[in-house]
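Going by the working numbering, the sequence shown opens with residue 778, and the numbers climb by one from there.
Quick notes on the structure that follows.
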Amino acid sequence: MIEKLKDLKEKFERLTEEIADPAVIADMPRWQKLVKEHSDLAPIIEKYNELIKCQNDMHDAQDLMQIESDKDMIEMLEEEYQNAKAGISRCEEELKLLLLPKDENDEKNVIIEIRAGAGGDEAGLFGAELKRLYELFASKHRFQVEELDGNYSEGGGVKEVSFMVKGKGAYAKFKFESGVHRVQRVPETESQGRVHTSTATVAVLPEATNVEIEINEKDLEIDTYRSGGAGGQHVNKTESAIRITHKPTGIVVACQDERSQIKNREKAMNWLKAKLYDFYQSQADKEYADKRKNQVGTGDRSEKIRTYNFPQNRVTDHRINMTLYSLENFMNGDIDEMIEALQVAEQQRLLAASEE
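Pasting the structure below:
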């Protein structure tokens, strides 16, 4: 690890010089790329410098103890030695985390798809509550939410809905939500007080850029239609809604959020790119099935990841065996504790893998 840190410090110093070079600044795309590399390395180098200082402080205290005769001074040096030693251990553990491979998608916007599963109307109502949960969580972190397409039941439930969450780091916050969510509660229509079990499926996709996915127009079938909705002044009387089918994969996306056909087409294309990115990435992951199986939960969408038990006021994440007895707060978007625990579990998994 130390050799790797030395190499990274040399690279950091080289980048510091390059981004101050007028010739590099004149090449804006290159300069922006180097600035990002420099910014990504900065926390690692700062922690590495702290490690070096702790090591020097420990050695200095150790050397002085060898020649010091005053008892009080020796006690003070011993304390400094122990503090520096503890600092070394802490810095080394923090550096292990900082050196873990970064998910290249973490900083991106995210597209979330929610579909009602087993359980009829109750599943649709639960899907709508999940959407509200994510909207409140997004608002808490100052992310922007834009609905792409929605198919709702008359009772306010969700058959399927898709929306984008925009903001730096959105994918990192939502990526562990992919999978089957199970709810256990007494529906309002249940006269005998029996607890019913229903499910909703959540898919989480990082927004793909033009560089990552190239789409041949010949592979697309594009249809226009009138937007649906609740009625009244918001129903679009022109064919502004867009449905795009990617013929090679059969993937279909539809967007009716905007009144402009051009804007709906742009949103639909971005969504299609995200789905194609996920599709091709999933195909590649099949070659690494064991690795996929060990992931905390960014993989198989058929996996039951969480249970929301209303009678007992608890929510349990089955991937990390974590239970919180504050379901009402959780449904109001207060899910940071669960998300942070999932992030820690993923870090621990990556650490274990790096030490094998």
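Ideal placement from N, C-alpha and C gives every residue a C-beta, glycine not left out.
| Item | Value |
| --- | --- |
| Can you tell which of 906, 1025 and 960 has the C-alpha that lies nearest to the C-alpha of residue 895? | 960 |
| Rounded to a whole number of angstroms, what is the C-alpha to C-alpha distance between residue 871 and residue 824? | 8 Å |
| Considering just the uninterrupted stretch of the beta strand (DSSP E) at residue 998, what are its terminal residues? | 997-1002 |
| So which of 884, 878, 923 and 846 has the shortest CA-CA distance to residue 1033? | 923 |
| May I have the straight-line CA-CA distance separating residue 994 from residue 1055, to the nearest angstrom? | 19 Å |
| I need the straight-line Cα distance from residue 925 to residue 939, nearest angstrom please. | 5 Å |
| Taking only runs of the beta strand (DSSP E) that begin and end inside the segment 886-929, which ones reach a length of at least 3 residues, in chain order? | 887-893 and 921-929 |
| Could you check how far apart the C-beta atoms of residue 999 and residue 1019 are, in whole angstroms? I think they sit under 8 Å. | 7 Å |
| On a CA-only basis, which of 1098, 1127 and 1115 is nearest residue 1104? Give me that one, please. | 1115 |
| Considering only C-alpha positions, which residue in the set 919, 912, 1081 and 930 is nearest to residue 944? | 919 |
| Express the C-alpha separation of residue 784 and residue 803 in angstroms, rounding to a whole number. | 27 Å |
| For residue 1018, which three-state DSSP category applies? | strand |
| Suppose you measure from the CA of residue 786 to the CA of residue 811; what does that come to, to the nearest Å? | 15 Å |
| Since residue 961 sits in a beta bridge, which residues does DSSP pair it with? | 974 and 1086 |
| Residue 940 bridges to which residues according to DSSP? | 889 and 924 |
| Roughly how many angstroms lie between the CA atoms of residue 975 and residue 1085, to the nearest whole one? | 10 Å |
| According to DSSP, is residue 982 part of a helix, a strand, or is it coil? | strand |
| Would you kindly check if the distance between the Cβ of residue 1088 and the Cβ of residue 963 is under 9 Å? | yes |
| Go to residue 807, then tell me how far its alpha helix (DSSP H) extends in each direction, as first and last residue. | 805-844 |
| In whole angstroms, what separates the C-alpha of residue 853 from that of residue 840? | 13 Å |
| Grouping DSSP H, G and I as helix and E and B as strand, with all else coil, what is residue 850? | helix |
| Relative to the alpha-carbon of residue 879, which residue among 891, 946, 916 and 863 has its alpha-carbon at the smallest distance? | 946 |
| By how many angstroms is the C-alpha of residue 950 removed from the C-alpha of residue 941? | 13 Å |
| For the segment 1096-1126, list the alpha helix (DSSP H) runs that are entirely contained and at least 4 residues long, ordered along the chain. | 1104-1108 |
| How many Å lie between residue 1010 and residue 981 at the Cα? | Only weak support is given to the placement of residue 1010: the predicted model assigns it a pLDDT of 40, under 50, and the question is left unresolved by the model. |
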